[in-house]
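Trainee: Residue numbers (the UniProt record's numbering): 1 to 286. Just so you know, even glycine gets a beta-carbon here, dropped at the ideal spot from N, CA and C. Sharing a structure with you now.
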């Protein structure tokens, strides 16, 4: 056991529910969750049902927030899901937890299940929502943004910040591919160039549930280096100067293939990544 990893996970994590959410969201019934398809609609319905079970409220009166976006010389539509857990103090600022729900769909009978990418992130976000709502004192309202069309160029998160550019957001926590370890690569925590964010993470690391690495250099399966400060939804907020933290794993060989299935997730790694993500959010929630 590493010196910078908790030997035992806390009792609050419902590991069975975490696994059940990831399994359902990456099942064949979801048809690969491609933007604009029946599979995406099924994923939305499941996420709304789970948010309602937890007690997450519709944001500004509704969970569904449609948007339009250009892609390959045509106009398309997507739907973000946004839920909120209100602060217990008046006039509170916001924390935003993001996990994109779209994936690549299917080719005939073959489905891109998208278990790590990103059923794992969605399931982790739901587990965090369950923990947030248990807190008697919350000095921030927490938004849960399940973004659409991330695979088409971060379109959902871009639509969110375009529509609401002046929200008082103190932190964005993006969860993308937290379910599986690749080789010896550790869970990676990348963050914005913000001294407060960095200091909080440095202080957390010795007592974190995962022995995470800061801004770990990671490479795609083709061997080319990926700039993870720009590769997921947190980048849409970065352009507005919003502090962010990105929690994710290395780009494992089954990324964007039919083999990214629930059975290939590493459950202990997944659970530790989820608890670590909560630990990060709680640094701002207290």
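Which residue comes first and which comes last in the beta strand (DSSP E) that contains residue 77?
Mentor: Sequence index remark: in the chain shown, residue 77 carries index 77 (1-based). Taken as a continuous stretch (DSSP letters only), the beta strand (DSSP E) holding residue 77 covers 74-85.
Trainee: For residue 132, count neighbouring Cβ atoms within 10 angstroms of its own Cβ and tell me buried if that reaches 16, exposed if not.
Mentor: Looking up residue 132 in the chain shown gives position 132. When all chains shown are included, residue 132 counts as buried.
Trainee: Taking Cβ to Cβ, would you say residue 246 is nearer than 7 Å to residue 256?
Mentor: For the purposes of this step, residue 246 is identified with residue 246 of the chain shown, where counting begins at 1. For the purposes of this step, residue 256 is identified with residue 256 of the chain shown, where counting begins at 1. Result no, Cβ atoms of residue 246 and residue 256 do not sit closer than 7 Å.
Trainee: Check each candidate in 51, 69, 284 and 57 and name the one with the smallest Cα separation from residue 198.
Mentor: The residue labelled residue 198 in the question sits at position 198 within the chain shown. Nearest C-alpha to residue 198: 284.
Trainee: Rounding to the nearest angstrom, what Cα-Cα distance links residue 240 and residue 161 in this structure?
Mentor: Counted from its first residue, the chain shown places residue 240 at position 240. Counted from its first residue, the chain shown places residue 161 at position 161. Using only the alpha carbons, I get a separation of about 8 Å.
Trainee: Alpha carbon to alpha carbon, what distance is there between residue 272 and residue 6?
Mentor: Counting from 1 along the chain shown, the entry for residue 6 is found at position 6. Counting from 1 along the chain shown, the entry for residue 272 is found at position 272. Their Cα atoms are separated by approximately 9 Å.
Trainee: For residue 35 and chain B, any beta-carbon pair shorter than 7 Å?
Mentor: This model lacks chain B altogether, as it is built from one protein chain only.
Trainee: For the segment 11-21 and the segment 75-85, state whether three or more C-beta atom pairs, one from each stretch, are separated by less than 8 Å.
Mentor: No, the segment 11-21 does not touch the segment 75-85.
Trainee: Measuring alpha carbon to alpha carbon, tell me which of 177, 143 and 251 ends up nearest residue 56.
Mentor: Stepping through the chain shown from its first residue, residue 56 is reached at position 56. Out of 177, 143 and 251, 143 has the C-alpha closest to the C-alpha of residue 56.
Trainee: Drop a sphere of 10 angstroms on the beta-carbon of residue 274, count the other beta-carbons inside from all chains shown, and report buried for 16 or more, exposed for fewer.
Mentor: Here residue 274 corresponds to residue number 274 of the chain shown, with the count starting at 1. Buried.
Trainee: Should residue 35 be labelled buried (16 or more other beta-carbon atoms within 10 Å of its own) or exposed?
Mentor: In the chain shown, residue 35 corresponds to position 35, counting from 1. Counting Cβ neighbours within 10 Å, residue 35 comes out buried, since at least 16 surround it.
Trainee: Inspect the beta-carbon positions of residue 205 and residue 249 and report whether they are closer than 7 Å.
Mentor: Taking the first residue of the chain shown as 1, we reach residue 205 at position 205. Taking the first residue of the chain shown as 1, we reach residue 249 at position 249. Going by C-beta atoms, residue 205 is not nearer than 7 Å to residue 249.
Trainee: Using 7 Å as the threshold, is the C-beta distance between residue 129 and residue 25 below it?
Mentor: Locating residue 129 in the chain shown gives position 129, counting from the first residue. Locating residue 25 in the chain shown gives position 25, counting from the first residue. For residue 129 and residue 25, no; Cβs fall outside 7 Å.
Trainee: Expressed to the nearest angstrom, what Euclidean distance is found between the alpha-carbon atoms of residue 139 and residue 169?
Mentor: As a working note, residue 139 is residue 139 in the chain shown. As a working note, residue 169 is residue 169 in the chain shown. Distance between the alpha carbons of residue 139 and residue 169: 13 Å.
Trainee: Here's the rule: buried if 16 or more other CB atoms are within 10 angstroms of the residue's CB, otherwise exposed. What is residue 20?
Mentor: Position 20 of the chain shown, counted from the start, is the residue given in the question as residue 20. Per the 10 Å Cβ criterion, exposed.
Trainee: Using 10 angstroms around the beta-carbon of residue 217, count the other beta-carbons present and answer buried if the total reaches 16, otherwise exposed.
Mentor: The sequence position of residue 217 within the chain shown is 217, counting from 1. Because the pLDDT at residue 217 is just 49, under 50, the model does not fix this residue reliably, and the point stays unresolved.
Trainee: What is the DSSP secondary structure of residue 259, reduced to helix, strand or coil?
Mentor: Here the question's residue 259 lines up with position 259 in the chain shown. Three-state result, residue 259: coil.
Trainee: Between which two residues does the beta strand (DSSP E) harbouring residue 174 extend?
Mentor: On the chain shown, position 174 is the one that residue 174 refers to. Note, residue 174: beta strand (DSSP E), 169-175.
Trainee: According to DSSP, which residues form a beta bridge with residue 140?
Mentor: Within the chain shown, numbered from 1, the residue matching residue 140 stands at position 140. Note: residue 140 sits in a beta bridge opposite 93.
Trainee: Could you check whether residue 112 and residue 100 sit closer than 7 Å to each other, using their CB atoms as the reference points?
Mentor: On the chain shown, position 100 is the one that residue 100 refers to. On the chain shown, position 112 is the one that residue 112 refers to. Contact flag unset, no.
Trainee: Determine the direct distance from the alpha carbon of residue 172 to that of residue 254, and round the result to whole angstroms.
Mentor: Residue mapping note: residue 254 aligns to position 254 of the chain shown, counting from 1. Residue mapping note: residue 172 aligns to position 172 of the chain shown, counting from 1. If I take the Cα positions, the gap works out to 27 Å.
Trainee: Only counting the same chain, and skipping five residues up and downstream in sequence, which positions put a Cβ closer than 7 Å to that of residue 177?
Mentor: Locating residue 177 in the chain shown gives position 177, counting from the first residue. The residues are 116, 117, 118, 120, 121, 248 and 249.
Trainee: Taking the alpha helix (DSSP H) that residue 190 belongs to, which residues open and close that run?
Mentor: Here residue 190 refers to the residue found at position 190 when the chain shown is read from its first residue. No alpha helix (DSSP H) holds residue 190; the beta strand (DSSP E) holding it covers 188-191.
Trainee: So for residue 178, helix, strand or coil by DSSP?
Mentor: One-based indexing of the chain shown puts residue 178 at position 178. Three-state DSSP puts residue 178 in coil, outside helix and strand.
Trainee: Tell me which residues share the same chain as residue 167 and place their Cβ nearer than 7 Å to its Cβ, disregarding the 5 neighbours each side in the sequence.
Mentor: Looking up residue 167 in the chain shown gives position 167. The residues are 94.
Trainee: Distance check for residue 279 and residue 200, CA to CA, integer angstroms please.
Mentor: Taking the first residue of the chain shown as position 1, residue 200 is located at position 200. Taking the first residue of the chain shown as position 1, residue 279 is located at position 279. Each residue's alpha carbon lies about 11 Å from the other.
Trainee: Thinking just about the alpha-carbon of each residue, which of 91, 42, 107 and 123 is nearest to the one in residue 262?
Mentor: Your numbering for residue 262 matches position 262 in the chain shown. With distances taken between Cα atoms, residue 262 lies closest to 123.
Trainee: Taking buried to mean at least 16 other C-beta atoms within 10 Å of its own C-beta, is residue 77 buried or exposed?
Mentor: Counted from its first residue, the chain shown places residue 77 at position 77. Its Cβ having fewer than 16 others within 10 Å, residue 77 is exposed.
Trainee: Rounded C-beta distance between residue 232 and residue 193? I'm assuming under 8 Å.
Mentor: As a working mapping, residue 232 is identified with position 232 in the chain shown. As a working mapping, residue 193 is identified with position 193 in the chain shown. About 17 Å separates the two Cβ atoms, so there is no contact after all.
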